Amino acid sequence: MPIVVYRLLVLGVTTLAVATPLSLVVYQSFLTAPFFDPSAQLGLLAYSFVFADPDFWQALWTTVTIACGMAAIAVPLGALLAFLMVRTDVPGRHYLEPLILIPIFVSAVVIAFGYVVAIGPVGIFSTLVKDALGFVPWNLYSLLALIVIAGLTHVPHVYLYSAAALRGLSTDLEEAARVSGANPFRVAVSVSLPMILPAILFAGVLVFFLGFELFGLPLVLGDPQDVLVLSTYLYKLTNKLGVPSYQLMAVVVVAIIAITAPLVFMQRLLLRQAQRYVSVRGKGLKTQPLRLHGWRWFAFGAIVFWLFVTVVVPLFGITLRSFVVTWGEGVNLLDVLTLDHYRELTDYPNVVRGILNTLGIGVIGGAVAVACYTAIALAVHRWNSGWTRLVDYLVMVPRAMPGLVAGLALLWVFLFVPFLSPLKSTMVSIWLAYTIVWLAYGMRLVSGTLLQVAPELEEAARIAGANDLRVKRDVTVPLIKYGMLASWLLIFLIFVREYSTGIYLLGPGTEVIGSLLVSLWGTGAVDLVSALSVVNVVMIGVGLAVAVRLGVRLHG
Amino acid sequence: MRHVVSAAFIAIALAWGTGAQAQAPQGYPADYTKIIEAAKKEGKVVIYATTDAVAANPLIKDFETLYPGIKVEYSDLNSTELYNRFIAEAAANNGTADLLWSSAMDLQVKLVADGQAETYASPEIKTLPKWAVWKDAAYGTTYEPIAFVYNKRLVPEGDVPKDHTDLLKLLDTKTDFYKGKITAYDPERSGVGYLFCNEDIKDFPQAWDLFKAMGKAQAKLYTSAGAMMERVTSGEHLIAYGIFGSYALGRSKKDPNLGIILPKDYTMVTSRVAFISKKAKNPNAGKLFLDYILSKRGQDIIANKADLYSLRSDVDGEATIKGVTQLVGDKARPVPIDQTLLENLDQAKRLAFLSKWQQAKKGQ
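Chains A and B, in that order, are what the protein sequence lines are.
First residue of the first sequence: 1113, per my numbering; consecutive thereafter.
First residue of the second sequence: 44, per my numbering; consecutive thereafter.
See the structure below:
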């Protein structure tokens, strides 16, 4: 097969996989009824309904507020954290690094359930504080709390990009500032952070964008006080008319995409900018980390406190809930301890299948997904053509669709594309949905590895007479083997964590832990939810431990 | 030799088993065996339901013992997802549920009115209350009283409301104590909540006063009964208004702190509505399952294992029509399964109600 055929084939399949669900959603938004309904007509009725609804604007406003607030918290903290970890002598850096990344890999619904038990109005920590102070100084269900939690859990995203940028920069300028008498804080604010500003900006846009995707946190924490964001507004919308309405949901999705798509492209621009900046990197000598002296332990304490609030508190909460029958004001927890919730897990065939399916989608599905991402990355690798830019944009398109909606769109695709419909109730549908939703992330992982392969080896092979495909198979792929393994681990973690994409595809045979959690939460089986959450966290913990053991860098 | 003997035993057992199964249940028409035979050929029944698998499990297991060879494929979804999925699959016409079983009574009636249901006169019809059968297609399967639920540890005994008027009085007199401590379904975000409010308005002249009092007490509104009960048992809230008695009963068995009240002035009763899909691939197995959950054997499990409350008057136990009657006498108000439910889906009515509700929420 000539390489051109391979390239066009990959390009075609990718375009089809990405464009079909998206165009279906856009098309649906311009109809007056579900697209499969014979009475459906083209029209703007759905748009005028949604845009006339004050709740839509309220939800949009809340979403923007949350996204801004998140960015305002996560960006400075993440950048500062990166500075501390990369440039200073904070104690225990080696052990802190993997811990810092945990919030990225724990499902937001699990974190939210945990917070309710831990610091809800009668949570375990709340009652302790109430005993000491006489009142609880926070309200978990307020918009402010939602912003703070969302902000704190997204610090690692900013940390990743800032740390990577800092590592690429020489420390000459910082040392110069230090010698001239600046204190470490001054060095960070006046020298280091301005140098990596493009990377920080990039992370800021990313966090802002993730704010539009928030689903798990507002679903659980926004419920009691009716804090609606766009993704939870989709639920409320259904009830306004009494009858679920595809076209209205599609309009909200188009509105979300209209906001997130420009953000995605802005990220791209910023990334290019950032790399340009980093081109001044120098291969400096191994340098001494900045000494923080008395601040050393203070900085350490701050990092540990942040970890305590974002990781320990919610995970402790959910774990505790999974071992008790009831909890709250006036309950002695020692009296209500139980292992029943874990025993009950095995009573339900769908839960057992869900656990197995989740492992399967992580291990096998993850491997196949990495193979697909590699196939796409190889197709555009060293291809000087305008098509590569198209692929660049293409893989980012699904990123703009929230997972919940991508799942629904894929359900439609599986329903109405004849040769796909037998696969609807199998894990293949879940796998395809996950693979498409995480296309951009996976591609970044794999292309990152590909970039490390210098062209000389491939050229040598070509001169020795190998054709292009042979070169890829026998030279490029073996060279990136380790990178692919690392990508597989990271995709495993992401697939095991995922919860929103599978909701509409959930059925017998397609259960995964994430969507089961949301569904069980809805029916009120909190006992099962807590035990299943812990199982999920353990899986992710094992994955993380393996990754750390193998020395995988937990980022692209 | 041993193998031969045991093989013979198995053969006999199998022959005896199928022989016994091929008989129609007592009181059923003789040709019912045809449905059983056909259902066995189909080999499975696909069910979409809002009843969580936890509660449905004993029913499924018993059905599979009664009709060996017919596997139940059970999916629990929330009522919106169930509706969305079903109409899409029915339109795509390549396989969907055989039986739909949902607590969203209005959506189920709409699907039947839209012609999505197969007409099937169950042999059990004569044993069911009149309000529970519509057009020989939609069948009520449970008798679930809507209860108040409260925290026994933290609600003073004198405060426990016996009926709607009591609750209204309590909220008016101890507004501060119960500020933020009352919880209910949110009619703006939950179809069930909307249904409950509308039935209240029909049954209780002071309904709007009650809603306003809840607004003044800053009631916290949810979309899931589980979330409400979790927070009542923890003490975050104290009284939950309008909870399915079925969920409350199940939960109170695990957690003795949860108190249940069936209001004495009137107790609304809802029913999970089941129908057989017109697009069913296994219509006979669907019929078999429908008849089974309506039968005495199925209803006995509904009442005594699944805690879903039986609607047959010949079933004994706490969670039955008898049990409810014992507590509230003739004050039970079942929501009839018929076209009046469609009014709930009328857009203009809905928006009018919701704007009035938003006022009440502010206590006005």
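Even for Gly, the Cβ is constructed at its ideal location relative to N, Cα and C.
Since the structure is predicted, the reported quantities are computational estimates derived from the model, not experimental observations.
(1) By the three-class DSSP mapping on this structure, what secondary structure does Arg376 of chain B have?
(2) On the three-state DSSP scale, how would you describe Pro1306 of chain A?
(3) Looking only at its own chain, which residues have a Cβ that is under 7 angstroms from the Cβ of Leu1506 of chain A, when we skip the five neighbours before and after it?
(4) Does Lys1242 of chain A have its Cβ less than 8 angstroms from a Cβ in chain B?
(5) Hey, out of A:Gly1614, A:Ser1541, A:Gly1406, whose CA is closest to Val1624 of chain A's CA?
(6) Quick check on DSSP: helix, strand or coil for Trp251 of chain B?
(7) Which of the three DSSP states, helix, strand or coil, is assigned to Asp1580 of chain A?
(8) Assuming the contact rule is C-beta atoms closer than 8 angstroms, Ala99 of chain B and Ala349 of chain B should be a hit. Round their C-beta distance to whole Å, please.
(9) Taking Val371 of chain B as the reference, which of B:Pro306, B:Glu107, B:Lys87, B:Thr108 has the closest Cα?
(10) In three-state DSSP terms, what is Trp1418 of chain A?
(11) With a threshold of 8 angstroms between beta-carbons, can Ser295 of chain B be considered close to chain A, or not?
(12) Count the other CB atoms within 10 Å of the CB of Lys263 of chain B; is the residue buried (16 or more) or exposed (fewer)?
(13) Give the secondary structure of Pro188 of chain B by DSSP, where H, G and I count as helix, E and B as strand, and everything else as coil.
(14) Give, in chain order, every unbroken run of the beta strand (DSSP E) that is at least 3 residues long and sits entirely within the segment 57-141 of chain B.
(15) Which residues, taken in chain order from the segment 1635-1647 of chain A, show a beta carbon closer than 9 angstroms to some beta carbon of chain B?
(16) Who pairs with Leu264 of chain B in a beta bridge, going by DSSP?
(17) Does the beta-carbon distance from Thr185 of chain B to Ile303 of chain B come in below 8 angstroms?
(18) Taking the beta carbon of Thr1458 of chain A as the centre, do at least 16 other beta carbons fall within 10 Å, making it buried, or is it exposed?
(19) Can you check which of these residues, A:Leu1449, A:Ala1566, A:Val1138, A:Gly1204, is closest to Leu1154 of chain A by C-alpha distance?
(20) Using the beta-carbon count (16 or more within 10 Å), is Phe1410 of chain A buried or exposed?
(21) Does the separation of the CB atoms of Phe1607 of chain A and Gly1474 of chain A fall below 8 angstroms?
(22) May I have the straight-line CA-CA distance separating Pro377 of chain B from Pro326 of chain B, to the nearest angstrom?
(23) Name the residues in the segment 127-138 of chain B whose C-beta lies less than 8 angstroms from a C-beta of chain A; which are they?
(24) If you run the structure through DSSP and keep just helix, strand and coil, what is Ala283 of chain B?
(25) Mapping the DSSP letters down to three states, classify Leu309 of chain B as helix, strand or coil.
(26) Can you confirm whether Val1525 of chain A, when its beta carbon is compared against all beta carbons of chain B, has any partner nearer than 8 angstroms?
(27) Going along chain A in order, which residues have a C-beta closer than 8 angstroms to the C-beta of Tyr290 of chain B?
(28) Does any residue of chain B bring its CB to less than 8 angstroms from the CB of Thr1350 of chain A?
(29) So which residues on chain A does Gly86 of chain B lean against when the C-beta distance must stay under 9 angstroms?
(30) For the candidate residues A:Met1378, A:Asp1580, A:Lys1593, A:Asn1295, whose alpha-carbon lies nearest to that of Pro1114 of chain A?
(31) Should Val1116 of chain A go down as buried or exposed, given a rule of 16 or more other Cβ atoms within 10 Å for buried?
(32) Gln410 of chain B and Ser314 of chain B look like a contact to me (Cβ under 8 angstroms); what is the Cβ gap, rounded to whole Å?
(33) Just to make sure I have the definition right: I need the residues of chain B whose C-beta is within less than 9 angstroms of the C-beta of Asn1462 of chain A. Which are they?
(34) Nearest CA to the CA of Val1437 of chain A: which residue from B:Ser145, B:Leu301, B:Thr216?
(35) Please decide whether Pro1620 of chain A counts as near chain B, where near means a Cβ-Cβ distance under 8 angstroms.
(36) Note down, in chain order, each residue of its chain lying with its Cβ closer than 6 angstroms to the Cβ of Ser1642 of chain A, except the 5 sequence neighbours on either side.
Result, derived from the coordinates:
(1) strand
(2) helix
(3) Thr1126, Thr1127, Val1130
(4) no
(5) Distances from the CA of Val1624 of chain A to each of A:Gly1614, A:Ser1541, A:Gly1406 were compared; the closest alpha carbon is that of A:Gly1614.
(6) helix
(7) helix
(8) Their Cβ separation, rounded to whole angstroms, is 7 angstroms, which keeps Ala99 of chain B and Ala349 of chain B in contact under 8 angstroms.
(9) When C-alpha distances from Val371 of chain B are compared across B:Pro306, B:Glu107, B:Lys87, B:Thr108, the shortest belongs to B:Pro306.
(10) helix
(11) no
(12) buried
(13) Pro188 of chain B sits in a strand when the DSSP states are folded into three classes.
(14) Runs of the beta strand (DSSP E) inside the segment 57-141 of chain B: 87-92, 114-119.
(15) Cβ contacts with chain B: Thr1635, Gly1636, Ala1637, Val1638, Asp1639, Leu1640, Val1641.
(16) B:Ala227
(17) no
(18) exposed
(19) A:Val1138
(20) exposed
(21) With respect to Gly1474 of chain A, Phe1607 of chain A sits close: the two C-beta atoms are nearer than 8 angstroms.
(22) 29 angstroms
(23) Under the 8 angstroms Cβ criterion, the segment 127-138 of chain B contributes Asn127, Arg128, Ile130, Ala131, Glu132, Ala134, Ala135, Asn137, Gly138.
(24) strand
(25) For clarity, residue 309 of chain B is Tyr in the given sequence; the question names Leu instead. If DSSP states are grouped into helix, strand and coil, Tyr309 of chain B belongs with coil.
(26) no
(27) Gly1636
(28) yes
(29) Result: empty, since nearest Cβ-Cβ is about 14 angstroms, beyond 9 angstroms.
(30) A:Asp1580
(31) exposed
(32) Since the first and last residues shown for chain B are 44 and 407, residue 410 of chain B lies out of range.
(33) Ala96, Tyr117, Ser118, Asp119
(34) B:Leu301
(35) yes
(36) The answer, listed in chain order, is Ile1430, Arg1433, Ser1434.
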